[in-house]
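Notes to accompany the following structure.
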Amino acid sequence: MEIKLTLNGKAVTAHIEADTLLLDFVRARGCLSVKRGCETENCGLCTVLLDGKPILSCATLAARAAGHHVQTLEGLQEEAADFVGFIADQGAEQCGFCNPGFVMNTIALLRENPDPTDDEIRAYLAGNLCRCSGYEGQLRGIRAYLDSKKEG
Amino acid sequence: MENKHVSAAVRKKDAMQLLLGKPAFMEDVTPADALVVKVLRSPHAHALIEEINTDLAKKVEGIVAVYTYKDVPQRRFTLAGQTSPEPSPWDRLILDRRVRYVGDGVAIVAGETEKAVNTALRRIKVKYTVLEPVLDMHTALDHPVLVHPEEDWVSVIPVGADNKRNLVAQETTSDGDVEAVMADCDLTFTRTYHTKACQQAMMETFRTYTELDPYGRLHVVSSTQIVFHLRRIIANALDIPQSKVRVEKPRIGGGFGAKQTSVAEVYPAFVTWKTGRAARMVFSRAECQTSGCPRHEMEMTVKIGAMKDGHIRCIDLHTLSNTGAYSEHGPTTVGLSGHKSIPLYTGGLEAFRFSYDVVYTNVQAAGAYRGYGATQGIFAVESAVNELAEMLEMDPVALREKNILREGMVMPAYYGEKANACALDRCLTRAKEIFGWEEKWPVRDMGNGKVRSAGVAMAMQGSCISNVDIGSATVRLQEDGTYTLSIGAADMGTGCDTILSQIMAECMGCKLEDIAVFGADTDSSPYDSGSYASSTTYVTGKAVEKACTQLKANLCAIGAQMLGCTVEEVEFASTSVRKKDGSAEVSLADVANKTTIGNNTSAQVTATHCSPVSPPPYMVGMVEIELDKETGSVEVLDYKAVVDCGTPINPHLARIQAEGGIVQGIGMALSENVTYDEKGRITENNFFQYKIPTRLDMGKLQVEFEASYEPTGPFGAKSIGEVVINTPSPAIAQAVARATGVWHRTLPITPEKVLMGMEEA
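Line by line, the protein sequences are chains H and R. For the first sequence, the residue numbers in our numbering are 1 to 152. For the second sequence, the residue numbers in our numbering are 153 to 913.
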């Protein structure tokens, strides 16, 4: 089948199998930041934005994205660069495999709630698993970023 | 002199690339049009393949090859990433006629697309003779059914293995007269503890890409901690010379020991070697959970002899370890269950005994997982000491203060090594302070059906495998005065590329960004055992230090020649080589340039290091939980830990190691379960059932360091990677016992068990 969608701001027309997952679709188009960590919608590694909302691309058919705007970390480099340095300053990126999904969901969080509490951060990102960092350093990084913005 | 780079909390060199999602991992950096490789898995725990028909599978469009046990080399090997000759008996073939666990390999399928391969997998017809499996580790030893009856099974070095007894290893070590000391104690008691085959659950599953290079050699790009061992394992498996194999690692999406076993590599390697085509194998999460290499399930029986005043005089520990269907890491993990738990009590101990049996069963083969047996042993010994505190009605911290290992003591239970650097006592004192032990130790009823309570545990680990592990580093001065650092160790997210660069920057007096670090590739990296056994900072770090010393000497020789004086008259001064009397100098840039013109002295040095000792890092963990008496659920509120890793080379990275390890430990304690049905199938084959902690499950963490100075380590460093996973299980078990009056001696301590425990009590 043929679908048309916008991927990171560019119009894409593609012939796909009906059962193609959005995760595989975007990876095949060079969006290699999008990772698969499970097959059961548990890990959050494959998070992308569909019309600005975070979704799991492993559980979304590419066909469902037809007519919509899909964004991956490749398309949000500047917005990410704004805060990921604070995560790096904590060493909390560690292996990096879960980073893109976590960063995408953090972008969504900060758009929705620019000044979240620690508990709001934990709750929003609860679906983003990380086996390396123990999460606390990621929280410290986000907190440091928010504090730096307040200090202006 | 103050260190500039060592002890600096700098960013990881690859941090921003990773955080911005740049291509870095195996699937990102290898061609996507490689053959897709998958393995047909056994549905039986123990069976013989009577007939296997692959005709229909081969006819599926896009299928390039289907292999069975009839096609593979008939020389046994092990997948364990260990220095050769491996302690793990050689008990594997790439595919075998006998399948030994649910998930064992039956056939390899390679095809152009995943769809074709999936179709072909379904079309392979196998007729099995189903055999009785050995599913209970308690009855495995001398069971009439043998997991490895084959005559060509080989135990290469003497570990007490005997395949005709389902035995992988057996040993007893002791010091002092255990019977006499026990008989003289006021109190002796015995308890049995049980830990499960927990999964490393690294976010990137096992995966490997293979191709033939322009020389016709097998080029392997794999997510691995052990490039050099892997080269040997693949060469053994394919029965080809090591010169035909090149192994390279890209960024690794987590390892935790999982990637110290060659779980995925041999399958695509075999396909590429046979077909000449590039091939790629990516494990699914389910495959990772059921055909991986988890922690060894262990059952530990601890007998403690003590006096009424809390003096612990004797520990007698027996460990039964379940290696599953294959031997990987079986003979070695078990040793740590005693050698890295009992020495914590060296202060009071007059005698100890440690014995073990490691058995084969028909379940998933175990492997290496952070902590490597110490985690299991520490759960047992620390829990037993906490139970002793309860019996004696003593504060468990006070009990420990009376008995612990202190700096300068010789540890009979730790190979007779001396604790040259040990801040365990200071860790205990500091943990008490930051945790608020005096306030939190009493059980507090919150009046809403919830109870708050606390627990404590100590831990130790090693910093390498002494007299075995080898680290090497090649350092080179570039033409423009910058440096390269080449290593064979594997940064799996831990940050060793950065940490080793920090050590080099300190030695050379250069900027961190002036060092380009590269690892690891068997063709270009100097030999390194690999990144495991908590060895990289301690062993490879020392190799970096040695290499820098030699490089400085070489640069001095070149500088002296340029200055027209003897090498004894000059010194290395970071940006120059100068005469000691200050009368003349030549800039490093000029020396660097000179290395490329008419020069006979190498500006590239490789140094190798191996340590005769393995200095333990130490740790104290304290936990506060809130337990819901209605539901049995346990919430971790607060976890405070104080770690002695010697000198933390990079405090931020050391802290993250500790926090990450603690959270894995919390998962092991409370939620990560592995159970089998009556046919030997694993229930927890995905992240729905195998619950690793989310950021809502770990409470608030705080980690501090009590530095000691290890004289044999680089800049006083020991290790940190593994010790950090060891305290949560015993500390949480104690907190639960305080809240409910029930000691849970089998992990994980799930809400169901807590609730049923309270009902029975």
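C-beta atoms are modelled at their ideal positions from N, C-alpha and C, and glycine is treated no differently.
Does R/P175 have its Cβ less than 8 Å from a Cβ in chain H?
Position 23 of the second sequence, counted from the start, is the residue given in the question as residue 175 of chain R. So, interface residue.
Please decide whether H/N105 counts as near chain R, where near means a Cβ-Cβ distance under 8 Å.
Counting from 1 along the first sequence, the entry for residue 105 of chain H is found at position 105. It does not; no Cβ of chain R falls within 8 Å.
According to DSSP, is R/G812 part of a helix, a strand, or is it coil?
For the purposes of this step, residue 812 of chain R is identified with residue 660 of the second sequence, where counting begins at 1. Helix, per DSSP.
Mind listing the chain B neighbours of H/F97? Cutoff is C-beta to C-beta under 7 Å, in chain order.
Among the chains of the structure shown, chain B does not appear; the protein chains present are H and R.
In terms of residues, what are the limits of the alpha helix (DSSP H) holding R/H491?
Along the second sequence, read from residue 1 onward, the residue named residue 491 of chain R stands at position 339. G482 to H491 is the extent of the alpha helix (DSSP H) around R/H491.
Out of R/H470, R/G734, R/L652 and R/S823, point me to the one whose CA is closest to R/G865's CA.
Taking the first residue of the second sequence as 1, we reach residue 865 of chain R at position 713. The shortest Cα separation from R/G865 among R/H470, R/G734, R/L652 and R/S823 belongs to R/L652.
In chain order, what residues of the same chain lie with their CB nearer than 6 Å to the CB of R/V189, ignoring the 5 residues before and after it?
For the purposes of this step, residue 189 of chain R is identified with residue 37 of the second sequence, where counting begins at 1. Same-chain partners within the cutoff: A262, Y419, P420, V423, A431 and M433.
For the alpha helix (DSSP H) containing H/F97, list its first residue and its last residue.
The residue labelled residue 97 of chain H in the question sits at position 97 within the first sequence. Premise fails: H/F97 is in no alpha helix (DSSP H) and is neither H nor E.
Identify, in the order they occur along the chain, each residue of the same chain with its Cβ nearer than 7 Å to the Cβ of R/R244, setting aside the five sequence neighbours on each side.
Counted from its first residue, the second sequence places residue 244 of chain R at position 92. So the qualifying residues of the chain are R228, F229, T230, L231 and Y478.
What residue range does the alpha helix (DSSP H) around R/E591 cover?
Here residue 591 of chain R corresponds to residue number 439 of the second sequence, with the count starting at 1. Looking at the DSSP string, the run of the alpha helix (DSSP H) that includes R/E591 is W589 to K592.
If we cut at 8 Å on Cβ distances, does H/I87 have a partner in chain R?
In the first sequence, counting from the first residue as 1, residue 87 of chain H sits at position 87. So, interface residue.
Decide yes or no for the touch test of the stretch 94 to 104 of chain H against the stretch 393 to 405 of chain R: beta carbon pairs closer than 8 Å, at least 3 of them.
yes
Where DSSP assigns a beta bridge to R/A199, which residues make up the other side?
Counting from 1 along the second sequence, the entry for residue 199 of chain R is found at position 47. Beta-bridge pairing links R/A199 to R/V251 and R/V282.
Could you work out which residues of chain R lie near H/E136, taking near to mean beta carbons separated by less than 7 Å?
Here residue 136 of chain H refers to the residue found at position 136 of the first sequence. Going along chain R in sequence order, the residues near H/E136 (Cβ under 7 Å) are E811 and L853.
Find the residues of chain H that neighbour R/H804, judging by a C-beta separation of less than 7 Å, and give them in chain order.
To locate residue 804 of chain R, count along the second sequence from 1; it is residue 652. Chain H residues near R/H804: Q90 and G91.
Relative to the alpha-carbon of R/A705, which residue among R/D675, R/G813, R/V258 and R/T753 has its alpha-carbon at the smallest distance?
Along the second sequence, read from residue 1 onward, the residue named residue 705 of chain R stands at position 553. Nearest C-alpha to R/A705: R/T753.
Rounded to the nearest angstrom, what separates R/L287 and R/K277 at their Cα positions?
Along the second sequence, one-based indexing puts residue 287 of chain R at 135. Along the second sequence, one-based indexing puts residue 277 of chain R at 125. Each residue's Cα considered, the two are about 26 Å apart.
Report the CB separation of H/G109 from H/P100 in whole angstroms; it is logged as a contact under 8 Å.
Position 109 of the first sequence, counted from the start, is the residue given in the question as residue 109 of chain H. Position 100 of the first sequence, counted from the start, is the residue given in the question as residue 100 of chain H. As written in the sequence, residue 109 of chain H is Leu, which differs from the Gly given in the question. About 15 Å separates the two Cβ atoms, so there is no contact after all.
Rounding to the nearest angstrom, what Cα-Cα distance links R/S615 and R/Y684 in this structure?
In the second sequence, residue 615 of chain R corresponds to position 463, counting from 1. In the second sequence, residue 684 of chain R corresponds to position 532, counting from 1. When rounded, the distance between both Cα atoms is 9 Å.
Can you tell which of R/A642, R/V306 and R/V533 has its C-alpha closest to the C-alpha of R/E451?
Against the second sequence, residue 451 of chain R aligns to sequence position 299. Selected option, being the one with the closest Cα: R/V533.
So who's on the other strand from R/E553, going by DSSP bridges?
Residue 553 of chain R sits at position 401 when you count from the first residue of the second sequence. Bridge partners of R/E553: none, in fact.
With 7 Å as the limit, tell me which residues of the stretch 38 to 70 of chain H have their beta carbon closer than that to any beta carbon of chain R; keep them in chain order.
C38, E39, T40, N42, C43 and L45
Is the beta carbon of R/E697 sitting closer than 8 Å to the one on R/I655?
In the second sequence, residue 697 of chain R corresponds to position 545, counting from 1. In the second sequence, residue 655 of chain R corresponds to position 503, counting from 1. Yes, the pair counts as a contact, with Cβ atoms nearer than the cut-off.
Give the range of the alpha helix (DSSP H) segment to which R/K267 is assigned.
Here the question's residue 267 of chain R lines up with position 115 in the second sequence. In the DSSP assignment, R/K267 falls within the alpha helix (DSSP H) that extends over E266 to R274.
Beta-carbon within less than 6 Å of R/Q322's beta-carbon, same chain only, minus the 5 sequence neighbours each way: which residues are those?
The residue given as residue 322 of chain R occupies position 170 in the second sequence. Here the set comprises G312 and D509.
Would the stretch 70 to 84 of chain H count as touching the stretch 24 to 41 of chain H if we require 3 or more Cβ pairs under 8 Å?
yes
Could you check the C-alpha separation between R/S374 and R/E417 for me, to the nearest Å?
In the second sequence, the residue the question calls residue 374 of chain R occupies position 222. In the second sequence, the residue the question calls residue 417 of chain R occupies position 265. The straight-line gap from Cα to Cα measures roughly 7 Å.
In the structure shown, what three-state DSSP assignment does R/H804 receive?
The count along the second sequence starts at 1 and reaches residue 804 of chain R at position 652. R/H804: helix per DSSP, three-state reduction.
In the DSSP assignment, find the unbroken beta strand (DSSP E) run with H/T6 in it and report its ends.
For the purposes of this step, residue 6 of chain H is identified with residue 6 of the first sequence, where counting begins at 1. Note, H/T6: beta strand (DSSP E), E2 to L7.
When Cβ atoms are compared, which residues of the stretch 639 to 657 of chain R fall closer than 8 Å to chain H?
M644, G645, T646 and G647
For the beta strand (DSSP E) that contains R/H346, what are its first and last residues?
Counting from 1 along the second sequence, the entry for residue 346 of chain R is found at position 194. From DSSP, the beta strand (DSSP E) with R/H346 extends over L339 to T347.
Which residue spans inside the stretch 839 to 867 of chain R form an unbroken beta strand (DSSP E) run of at least 3?
852 to 857
Do the CB positions of R/L273 and R/L364 come within less than 8 Å of each other?
Your numbering for residue 273 of chain R matches position 121 in the second sequence. Your numbering for residue 364 of chain R matches position 212 in the second sequence. Cβ distance not < 8 Å, so R/L273 and R/L364 don't count as in contact.
In or out: R/M908 buried (at least 16 other Cβ within 10 Å) or exposed?
Sequence index remark: in the second sequence, residue 908 of chain R carries index 756 (1-based). That one is exposed.
Taking the Cβ atom as the reference point for each residue, do R/S618 and R/L779 lie within a distance shorter than 8 Å?
Walking along the second sequence from the start, residue 618 of chain R turns up at place 466. Walking along the second sequence from the start, residue 779 of chain R turns up at place 627. Cβ atoms of R/S618 and R/L779: not closer than 8 Å.
Just to make sure I have the definition right: I need the residues of chain R whose C-beta is within less than 9 Å of the C-beta of H/S33. Which are they?
Locating residue 33 of chain H in the first sequence gives position 33, counting from the first residue. Residues of chain R with a Cβ closer than 9 Å to the Cβ of H/S33 are, in chain order, L172, G173, K174, P175 and D180.
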